[in-house]
Structures are given as C-alpha cells and as structure tokens.
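Novice:
There are 2 protein chains.
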Amino acid sequence: MKNLRLKAARAARDLSQQVLADMVGVSRQTINAIEKGDYNPTINLCIAICRALGKTLDELFWKQ
Amino acid sequence: MKNLRLKAARAARDLSQQVLADMVGVSRQTINAIEKGDYNPTINLCIAICRALGKTLDELFWKQ
DNA sequence: CCTCTTTGTAAAATATACTTGACATAAAGT
DNA sequence: ACTTTATGTCAAGTATATTTTACAAAGAGG
Numbered sequence: 001m002k003n004l005r006l007k008a009a010r011a012a013r014d015l016s017q018q019v020l021a022d023m024v025g026v027s028r029q030t031i032n033a034i035e036k037g038d039y040n041p042t043i044n045l046c047i048a049i050c051r052a053l054g055k056t057l058d059e060l061f062w063k064q
Numbered sequence: 101m102k103n104l105r106l107k108a109a110r111a112a113r114d115l116s117q118q119v120l121a122d123m124v125g126v127s128r129q130t131i132n133a134i135e136k137g138d139y140n141p142t143i144n145l146c147i148a149i150c151r152a153l154g155k156t157l158d159e160l161f162w163k164q
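Protein sequences, first through last, are from chains A and B.
Read left to right, the first sequence gives residues 1 to 64 (the working numbering).
Read left to right, the second sequence gives residues 101 to 164 (the working numbering).
Right, here's the structure in full:
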C-alpha cells in the first residue's frame with residue numbers, strides 16, 4: 001500500500017522526490033518506490049528520511 | 101553499534117534469539133546480527149520485531 | 001561429568017534493496 | 001510552440017540483507 005504520510009510530509013516541506021533523494025543519498029526512483037509502497041526500505045534509510053522531514057519513525061512508518 | 105534496547109526488550113519477555121526469530125520468520129543469525137548492530141534490517145522486519153515485543157519503532161530503532 | 005540451551009561467529013549461497021539509464025506524461029512558465 | 005520540472009514506470013545491473021550449514025564457548029541442571 002502507498003505511504004501517503006511520507007508523501008504528505010514531503011509536500012509539507014515543499015521538497016521534490018529528487019531533492020529528498022539527494023538529501024538522504026539515494027536515487028529518485030527509490031523514494032518514488034517507497035511512496036508507491038512497492039517495497040521495503042532499510043531502517044537506516046527510513047531514519048534518514050525521517051530526519052530530512054523532521055518526523056519520527058512512528059510518524060512515517062509505523063503501521064497501526 | 102549494538103542495539104541494547106532490542107536485547108533488553110527481548111530479555112524482558114524472556115525470549116531467546118531463536119524463539120524471537122521464529123516469531124518474526126527470520127533466522128536466528130539475523131536477530132543476532134541486528135542486536136550486534138552489524139547491519140541494517142528492513143523496515144518490515146523491524147515492525148515485525150516491534151510487534152512481537154510489544155514496542156514501537158521509535159522505542160526500539162529510533163536514534164536520537 | 002554429561003547434556004541441553006543460548007549466544008557468538010564465519011563462509012558460501014540466495015533473495016531483494018537500490019542504482020543507472022531511459023522513456024512517457026502532465027503542469028507551469030516564456 | 002518550446003523548455004523545464006515533477007512524477008511514474010521499466011529493465012538490467014550491482015550491493016547488500018538474509019539463509020543455510022557449521023563450529024565453538026559458556027552457563028544451568030541432572
């Protein structure tokens with residue numbers, strides 16, 4: 001399923017997928033795939049994304 | 101660096117690495133490596149571990 | 001002692017996260 | 001019209017997460 005919380009948090013900071021990808025050191029396609037929900041990123045990448053967006057793991061990646 | 105919060109949470113529930121590994125569907129070595137801090141598990145595995153131990157991502161995997 | 005459980009560790013193989021390069025589309029600006 | 005930016009998607013390759021098999025050491029209990 002899509003990760004809309006991530007998409008929203010990125011939008012709230014007005015960052016493109018490309019810019020966020022550069023900030024965390026991965027390719028744009030990786031960010032796109034995570035938002036699309038295709039796969040299963042590593043925890044270190046999730047943490048880097050959270051830091052870039054000023055959120056925590058629970059806020060962006062925890063599934064109730 | 102070691103993940104001592106994970107080790108402590110597992111100890112608090114009196115689970116061996118093997119039993120936790122079975123609960124979340126990975127090998128014992130994978131749990132051992134995560135506690136040892138060798139590597140970088142996927143987010144879905146982290147979530148499964150959190151569920152098994154009654155913790156959240158922030159409690160076990162967030163780095164301040 | 002002996003056995004069983006737990007943990008630590010290692011090497012080789014397999015599955016999959018992630019990259020690179022590319023193409024398509026839609027929206028915004030000139 | 002043309003260009004630029006943002007997003008979506010795909011296929012082939014590379015890096016690495018995870019498995020399997022195996023061995024060693026320490027502690028608990030019989």
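A virtual CB, placed ideally from N, CA and C, is assigned to each residue, including glycine.
(1) What residues from chain B crowd round T42 of chain A, counting only those whose CB sits closer than 8 Å?
(2) Does the distance from the CB of V177 of chain B to the CB of L145 of chain B come in under 8 Å?
(3) Using only the alpha-carbon positions, how far apart do R13 of chain A and S27 of chain A sit?
(4) If you count every other CB in all the chains shown that lies within 10 Å of the CB of A11 of chain A, and 16 or more means buried, which is it?
(5) What residues in the stretch 13-35 of chain A bring their beta carbon closer than 7 Å to a beta carbon of chain B?
(6) Just grab the DSSP bridge partners of T156 of chain B for me.
(7) How many angstroms separate the CA atom of G154 of chain B from the CA atom of N40 of chain A?
(8) Output yes if chain A places a C-beta closer than 8 Å to the C-beta of I147 of chain B; else output no.
(9) Let me check one thing: in DSSP terms, what residues is T42 of chain A bridge-paired to?
(10) CA-CA distance, I34 of chain A and E159 of chain B?
(11) Just verifying my parser: in three-state terms, what is the DSSP assignment at R105 of chain B?
(12) Using a Cβ cut-off of 8 Å (strictly closer), state whether L153 of chain B contacts chain A.
(13) Please report the distance separating the alpha-carbon of G137 of chain B from that of L15 of chain A.
Specialist: With the given structure in hand:
(1) Per Cβ cutoff of 8 Å: N140, P141, T142, I143.
(2) This structure cannot speak to residue 177 of chain B, because chain B is shown only from 101 to 164.
(3) Each residue's Cα considered, the two are about 19 Å apart.
(4) A11 of chain A counts as exposed, since fewer than 16 other beta carbons sit within 10 angstroms of its beta carbon.
(5) Flagged: no residues at all.
(6) T156 of chain B is not bridged by DSSP to any residue.
(7) When rounded, the distance between both Cα atoms is 21 Å.
(8) Taking Cβ atoms only, chain A reaches closer than 8 Å to I147 of chain B, which makes this a yes.
(9) For T42 of chain A, which the question treats as bridged, DSSP gives the partners B:T142.
(10) Rounded to whole angstroms, the separation of the alpha carbons of E159 of chain B and I34 of chain A is 22 Å.
(11) Note: R105 of chain B maps to helix in three-state DSSP.
(12) The Cβ of L153 of chain B sits no closer than 8 Å to any Cβ of chain A.
(13) Straight through space, the alpha carbons of L15 of chain A and G137 of chain B are spaced by roughly 32 Å.
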